[in-house]
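Residue numbers (our numbering): 1 to 205.
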């Protein structure tokens with residue numbers, strides 16, 4: 001890719017800072033306006049124009065070695081957003097490679113609105129997912145499953161209620177390859193459908 005050059009760059013500044021019109025970045029994107037600190041070249045704000053990759057064209061970038069703080073909404077009514085972020089196209093990525101992401105509010109709503117194969121909420125942790133609340137309610141229209149490769153514990157210190165229109169339970173002996181399974185009205189020698197499903201899933205590949 002040929003180097004993008006601009007012969008009409010204008011700069012105003014002092015030792016404390018500068019403002020440039022037409023600066024060309026190292027990735028060939030031309031900055032319409034760039035405001036930069038004179039103390040470090042890594043501290044700047046740029047409104048870019050054409051050049052480089054498509055997503056960089058007409059982009060806005062804030063860069064700095066210190067903290068980035070936004071405090072807004074002192075006079076906003078309760079029903080209106082104090083801070084509004086809208087990605088018309090593409091994703092929103094919030095990343096803290098060496099820190100934590102903390103969200104705090106009176107209420108927190110997470111909603112996925114996709115359809116078909118989309119509309120998923122994924123929680124993926126290397127260690128633990130910890131949920132603490134007065135009440136936890138889970139509702140699934142099609143199916144719900146809780147699986148562990150080792151141990152699953154369900155404890156109700158006061159009351160434990162379990163109900164199913166049809167309850168099918170299996171243990172290791174009833175799903176063993178050489179076992180006959182529990183009694184099945186249709187086929188007493190093969191066990192229930194659930195037992196056969198668990199036995200197939202537990203077979204080595």
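C-beta: ideal position from N, C-alpha, C; glycine also. Just so it is clear, the structure is predicted and the values come from calculations on it, not from any experiment.
Would you list the one or two residues that DSSP bridges to residue 18?
-> 13, 36
6 Å CB neighbourhood of residue 20 in its chain, flanking five on each side removed | 11, 34
List the residues that DSSP assigns as beta-bridge partners of residue 31.
-> 48
Tell me, please, which residues DSSP counts as bridged to residue 62.
-> 45
Kindly list the residues whose CB is nearer than 6 Å to the CB of residue 45, restricted to its own chain and excluding five residues on each side of it in sequence; keep chain order.
-> 35, 62
Neighbourhood of residue 43 by C-beta, 8 Å cutoff - its chain only, sequence neighbours within 5 removed | 36, 37, 63, 64, 65, 66
Cut-off 6 Å between Cβ atoms - residues of its own chain near residue 27, not counting five sequence neighbours on either side = 52
Taking the Cβ atom as the reference point for each residue, do residue 24 and residue 48 lie within a distance shorter than 7 Å?
-> no
Compare the beta carbon distance of residue 149 and residue 170 with 7 Å and say whether it is the shorter of the two.
-> no
Alpha-carbon spacing of residue 123 relative to residue 142, whole angstroms | 20 Å
Answer yes or no: do residue 17 and residue 9 have a C-beta to C-beta separation smaller than 7 Å?
-> no
Alpha-carbon to alpha-carbon, residue 84 and residue 75 | 15 Å
Can you tell me the Cα-Cα spacing of residue 98 and residue 136, whole angstroms?
-> 31 Å
Below 6 Å CB to CB, which residues in the same chain sit around residue 235 once its five sequence neighbours on both sides are set aside?
-> Shown here, the chain extends from 1 to 205; a query on residue 235 therefore has no answer.
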